[in-house]
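Take this note's numbering: the final residue in the sequence shown is number 774, and no numbers are missing along the way. No residue lacks a Cβ here, since even glycine has one placed at the ideal position from N, Cα and C. Since the model is a prediction, treat every value here as computed from it, not as a measurement.
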Amino acid sequence: MDINKVLKKQKKSYKRFMLSMGFIFIGLPIALICSKINNPFFYLYLLIIEVLILESMMIRTNEEVLEFKQIGSKVAIEVGVLHRKYTIIPNKIAIIHIIPTGKFFDILIISKSRFRNKRLKHVDFRFLSKQPIIDKYYNRIRKEDEDPYFYFVIKKGGIKKYMLLDYLYKTCVSAIFTDITIEKIKEYRSQE
(Lines of atoms letter the chains of each structure in order from A and count residues from 1; the text may use other names and numbers.)
(Lines give C-alpha, C1' and ligand atoms only; values in the text may rest on other atoms or scores of the structure.)
Protein backbone atom coordinates (compact mmCIF):
# COMPACT_ATOMS: atom_id res chain seq x y z
CA MET A 1 0.00 0.00 0.00
CA ASP A 2 1.59 3.27 -1.13
CA ILE A 3 0.47 5.92 1.36
CA ASN A 4 0.91 8.84 -1.04
CA LYS A 5 -1.22 7.14 -3.71
CA VAL A 6 -3.89 6.32 -1.15
CA LEU A 7 -3.86 9.93 0.07
CA LYS A 8 -4.30 11.18 -3.50
CA LYS A 9 -7.15 8.69 -4.04
CA GLN A 10 -8.78 9.84 -0.82
CA LYS A 11 -8.59 13.49 -1.94
CA LYS A 12 -9.95 12.64 -5.41
CA SER A 13 -12.76 10.59 -3.90
CA TYR A 14 -13.64 13.48 -1.59
CA LYS A 15 -13.67 15.95 -4.51
CA ARG A 16 -15.82 13.62 -6.64
CA PHE A 17 -18.28 13.16 -3.80
CA MET A 18 -18.55 16.90 -3.13
CA LEU A 19 -18.93 17.72 -6.85
CA SER A 20 -21.64 15.12 -7.39
CA MET A 21 -23.54 16.23 -4.29
CA GLY A 22 -23.17 19.86 -5.39
CA PHE A 23 -24.62 19.07 -8.83
CA ILE A 24 -27.51 17.20 -7.26
CA PHE A 25 -28.04 20.02 -4.75
CA ILE A 26 -28.27 22.59 -7.57
CA GLY A 27 -29.88 20.35 -10.20
CA LEU A 28 -32.93 19.21 -8.24
CA PRO A 29 -34.39 22.70 -7.64
CA ILE A 30 -33.70 23.65 -11.28
CA ALA A 31 -35.50 20.50 -12.45
CA LEU A 32 -38.48 21.28 -10.20
CA ILE A 33 -38.66 24.88 -11.42
CA CYS A 34 -38.37 23.83 -15.09
CA SER A 35 -41.13 21.23 -14.70
CA LYS A 36 -43.50 24.01 -13.51
CA ILE A 37 -45.14 21.80 -10.90
CA ASN A 38 -46.67 23.93 -8.14
CA ASN A 39 -47.49 21.16 -5.71
CA PRO A 40 -46.48 21.90 -2.07
CA PHE A 41 -45.72 18.20 -1.57
CA PHE A 42 -42.90 18.38 -4.12
CA TYR A 43 -41.46 21.51 -2.52
CA LEU A 44 -41.49 19.89 0.90
CA TYR A 45 -39.95 16.72 -0.52
CA LEU A 46 -37.25 18.79 -2.26
CA LEU A 47 -36.51 20.63 1.00
CA ILE A 48 -36.04 17.34 2.86
CA ILE A 49 -33.74 15.99 0.14
CA GLU A 50 -31.69 19.22 0.13
CA VAL A 51 -31.25 19.04 3.92
CA LEU A 52 -30.13 15.40 3.65
CA ILE A 53 -27.64 16.31 0.91
CA LEU A 54 -26.17 19.11 3.04
CA GLU A 55 -25.98 16.78 6.02
CA SER A 56 -24.13 14.11 4.03
CA MET A 57 -21.68 16.73 2.75
CA MET A 58 -21.03 17.95 6.31
CA ILE A 59 -20.51 14.39 7.59
CA ARG A 60 -18.03 13.60 4.82
CA THR A 61 -16.13 16.85 5.38
CA ASN A 62 -16.06 16.16 9.11
CA GLU A 63 -14.45 12.75 8.51
CA GLU A 64 -11.70 14.20 6.32
CA VAL A 65 -10.36 17.07 8.44
CA LEU A 66 -7.18 16.42 10.46
CA GLU A 67 -4.53 19.09 10.87
CA PHE A 68 -1.51 19.21 13.16
CA LYS A 69 1.30 21.69 13.66
CA GLN A 70 4.08 22.57 16.06
CA ILE A 71 3.49 25.71 18.14
CA GLY A 72 6.57 26.40 20.21
CA SER A 73 7.08 23.38 22.45
CA LYS A 74 3.51 22.13 21.96
CA VAL A 75 1.73 20.20 19.22
CA ALA A 76 -1.73 21.39 18.20
CA ILE A 77 -4.03 18.78 16.65
CA GLU A 78 -7.30 19.95 15.07
CA VAL A 79 -9.95 17.36 14.23
CA GLY A 80 -13.24 17.67 12.37
CA VAL A 81 -15.21 20.54 10.85
CA LEU A 82 -15.59 22.25 14.20
CA HIS A 83 -11.78 22.11 14.58
CA ARG A 84 -11.73 20.39 17.96
CA LYS A 85 -8.32 21.36 19.18
CA TYR A 86 -6.08 19.16 21.30
CA THR A 87 -2.90 20.81 22.51
CA ILE A 88 -0.31 18.37 23.77
CA ILE A 89 3.16 18.75 25.18
CA PRO A 90 5.37 16.05 23.58
CA ASN A 91 7.35 15.52 26.80
CA LYS A 92 4.15 14.79 28.73
CA ILE A 93 2.89 12.05 26.38
CA ALA A 94 3.12 8.64 28.07
CA ILE A 95 1.63 6.09 25.64
CA ILE A 96 0.55 6.14 22.00
CA HIS A 97 -1.55 3.22 20.78
CA ILE A 98 -3.53 2.29 17.69
CA ILE A 99 -7.04 0.89 17.84
CA PRO A 100 -7.83 -0.99 14.60
CA THR A 101 -11.27 -0.06 13.25
CA GLY A 102 -12.34 -1.46 9.91
CA LYS A 103 -10.64 0.32 7.03
CA PHE A 104 -8.40 2.63 9.05
CA PHE A 105 -7.42 2.96 12.70
CA ASP A 106 -7.90 5.31 15.65
CA ILE A 107 -5.01 6.86 17.55
CA LEU A 108 -5.17 6.69 21.34
CA ILE A 109 -2.91 9.14 23.17
CA ILE A 110 -2.36 8.96 26.94
CA SER A 111 -0.87 12.06 28.53
CA LYS A 112 0.54 12.84 31.98
CA SER A 113 -1.17 16.24 32.08
CA ARG A 114 -4.40 17.76 30.88
CA PHE A 115 -2.82 21.12 29.84
CA ARG A 116 -5.98 23.18 29.29
CA ASN A 117 -7.73 20.40 27.38
CA LYS A 118 -11.17 19.90 28.86
CA ARG A 119 -11.91 17.12 26.34
CA LEU A 120 -9.26 14.79 27.73
CA LYS A 121 -10.76 11.97 29.77
CA HIS A 122 -9.35 10.49 32.94
CA VAL A 123 -7.74 7.04 32.67
CA ASP A 124 -9.65 4.79 35.07
CA PHE A 125 -10.22 1.07 35.63
CA ARG A 126 -13.17 0.96 33.19
CA PHE A 127 -11.03 2.34 30.40
CA LEU A 128 -8.22 -0.09 31.22
CA SER A 129 -10.62 -3.05 31.26
CA LYS A 130 -11.73 -2.11 27.71
CA GLN A 131 -8.12 -1.79 26.53
CA PRO A 132 -6.14 -4.76 27.92
CA ILE A 133 -3.06 -3.98 25.79
CA ILE A 134 -2.91 -0.48 27.25
CA ASP A 135 -3.30 -1.90 30.76
CA LYS A 136 0.02 -3.74 30.40
CA TYR A 137 1.89 -0.60 29.29
CA TYR A 138 0.07 1.65 31.76
CA ASN A 139 0.99 -0.52 34.76
CA ARG A 140 4.62 -0.42 33.65
CA ILE A 141 4.83 3.41 33.73
CA ARG A 142 2.34 4.27 36.47
CA LYS A 143 3.57 5.01 39.98
CA GLU A 144 1.26 5.14 43.00
CA ASP A 145 1.96 8.73 44.05
CA GLU A 146 1.79 10.26 40.56
CA ASP A 147 -0.88 12.57 39.26
CA PRO A 148 -3.64 11.00 37.16
CA TYR A 149 -3.22 10.28 33.46
CA PHE A 150 -5.57 11.47 30.73
CA TYR A 151 -6.41 10.18 27.27
CA PHE A 152 -8.10 11.12 24.02
CA VAL A 153 -8.81 9.29 20.78
CA ILE A 154 -8.36 10.68 17.26
CA LYS A 155 -11.01 9.02 15.09
CA LYS A 156 -11.15 11.33 12.09
CA GLY A 157 -8.62 12.04 9.35
CA GLY A 158 -8.50 8.89 7.26
CA ILE A 159 -5.05 8.24 5.81
CA LYS A 160 -3.66 11.48 7.27
CA LYS A 161 -3.41 9.66 10.59
CA TYR A 162 -0.33 7.86 9.24
CA MET A 163 1.42 11.23 8.88
CA LEU A 164 0.29 12.32 12.36
CA LEU A 165 1.57 9.05 13.82
CA ASP A 166 4.97 9.52 12.16
CA TYR A 167 5.11 13.12 13.39
CA LEU A 168 4.29 12.04 16.95
CA TYR A 169 6.99 9.38 16.72
CA LYS A 170 9.53 12.06 15.83
CA THR A 171 8.45 14.58 18.49
CA CYS A 172 7.33 12.47 21.48
CA VAL A 173 10.67 10.92 22.35
CA SER A 174 9.75 9.95 25.90
CA ALA A 175 6.48 8.24 24.93
CA ILE A 176 5.98 4.51 24.80
CA PHE A 177 4.66 3.27 21.47
CA THR A 178 2.83 -0.06 21.42
CA ASP A 179 3.89 -2.84 19.06
CA ILE A 180 0.93 -2.26 16.73
CA THR A 181 1.77 1.44 16.55
CA ILE A 182 5.38 0.75 15.63
CA GLU A 183 4.23 -1.62 12.86
CA LYS A 184 2.04 1.15 11.37
CA ILE A 185 4.93 3.62 11.55
CA LYS A 186 7.21 1.13 9.79
CA GLU A 187 4.53 0.59 7.15
CA TYR A 188 4.30 4.34 6.56
CA ARG A 189 8.07 4.87 6.47
CA SER A 190 8.64 1.98 4.07
CA GLN A 191 6.39 3.77 1.56
CA GLU A 192 8.18 7.13 1.70
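The stretch 752–771 makes contact with the stretch 664–678; the number of CB pairs closer than 8 Å reaches 3 or more. The distance from the Cβ of residue 738 to that of residue 645 is about 5 Å, consistent with a contact at the 8 Å cut-off.
For residue 767 against residue 748, the beta-carbon gap comes to about 6 Å, under 8 Å, which counts as contact. Under the three-pair Cβ rule at 8 Å, the stretch 592–612 counts as touching the stretch 621–640. With a 10 Å radius around the Cβ and a threshold of 16 neighbouring Cβ atoms, residue 655 comes out exposed. Unbroken beta strand (DSSP E) runs of no fewer than 3 residues, entirely contained in the stretch 617–673, are found at 648–653, 656–661 and 666–670, following chain order. The alpha carbon of residue 686 has as its nearest neighbour, out of 763, 608, 607 and 605, the alpha carbon of 763.
Close CB contacts of residue 587 within its chain, under the 6 Å cut and outside five residues either way in sequence, are absent. With respect to residue 733, residue 707 sits apart: the two C-beta atoms are not nearer than 8 Å. Apart from the 5 residues on each side of it in sequence, residue 653 has no Cβ closer than 7 Å to any other Cβ in its chain. Around the beta-carbon of residue 612, fewer than 16 other beta-carbon atoms lie within 10 Å, marking it exposed. Distance from the Cα of residue 716 is smallest, within the candidate group 728, 590, 693 and 603, for 693.
A distance below 8 Å between beta-carbons, with the five flanking residues on each side excluded, links residue 647 to the following residues of its chain, in chain order: 660, 661, 662, 663, 665, 738 and 739. A residue is called buried once 16 or more other Cβ atoms fall within 10 Å of its Cβ, and residue 650 is buried on that count. When 617, 679, 682 and 745 are compared, the shortest CA-CA separation from residue 773 is found for 745.
Here the alpha carbons of residue 593 and residue 626 stand approximately 34 Å from one another. Rounded to the nearest angstrom, the Cβ distance from residue 702 to residue 696 is 5 Å, consistent with a contact under 8 Å.
The criterion of a C-beta distance shorter than 8 Å is not satisfied by residue 606 and residue 630. Per DSSP, reduced to three states, the secondary structure at residue 697 is coil, with no helix or strand assignment.
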